[in-house]
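All remarks here apply to the structure that follows.
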Amino acid sequence: MRKKLLFLFAAAAVFATGCDPFGTSETKAYITGRIYADSDMTEPYAGATVVVDVNPDSISIPSISCLTDAGGEFLLAVPFFPYMDGEGMSGYSYPGSGKVGLRAYAEGKEYVYRTYDESPFVVTAGDTLVVWDVSLTQFD
Numbered sequence: 019m020r021k022k023l024l025f026l027f028a029a030a031a032v033f034a035t036g037c038d039p040f041g042t043s044e045t046k047a048y049i050t051g052r053i054y055a056d057s058d059m060t061e062p063y064a065g066a067t068v069v070v071d072v073n074p075d076s077i078s079i080p081s082i083s084c085l086t087d088a089g090g091e092f093l094l095a096v097p098f099f100p101y102m103d104g105e106g107m108s109g110y111s112y113p114g115s116g117k118v119g120l121r122a123y124a125e126g127k128e129y130v131y132r133t134y135d136e137s138p139f140v141v142t143a144g145d146t147l148v149v150w151d152v153s154l155t156q157f158d
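All residue numbers for the sequence shown refer to the working numbering, where the first residue is 19 and numbers rise by one.
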């Protein structure tokens, strides 16, 4: 119990002074792209759901989603969380990168950019992954 209190006090002091205990000020990776309603890719599609697909056992990257805007664009800010891999302060790790899949849903159909288990994207904190444009005609 005493070690936990000491850790919490030290962590609060580090964050209060603005120091970054994990060596980077970035804690998110970004994924962006565009979805169109037509095969010519001239009419943006608003309201498609785009989901970051992660391993269900992942403790450092959550599954998140967003909707495309009026321009058919989406922007996902994928957070990375520190996790405990041992005891004490030295037992925390910050992944800084991870493997994710990406899926889009619209009008009862799905488009799979990549899956987390077979052909994942590797995203890194501070970087932006720009995926290719797709149209609803490519959804299954």
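Ideal placement from N, C-alpha and C gives every residue a C-beta, glycine not left out. As the structure is a computational prediction, the values presented were derived from the model and not from experiment.
Per DSSP, LEU94 is one residue of the beta strand (DSSP E) stretching across 91-97. The stretch 88-97 and the stretch 124-139 do not touch, with fewer than 3 CB-CB distances between them shorter than 8 Å. A contact is defined here as three or more CB-CB pairs under 8 Å, and the stretch 70-77 fails this definition with respect to the stretch 148-157. Secondary structure of THR155 (DSSP, three-state): helix. Distance from the CA of SER153 to the CA of SER111, rounded to the nearest whole angstrom, comes to 39 Å.
Contact check for THR60 against SER83 fails: the beta carbons are separated by 8 Å or more. Between TYR101 and THR86, the CB-CB gap reaches or exceeds 8 Å.
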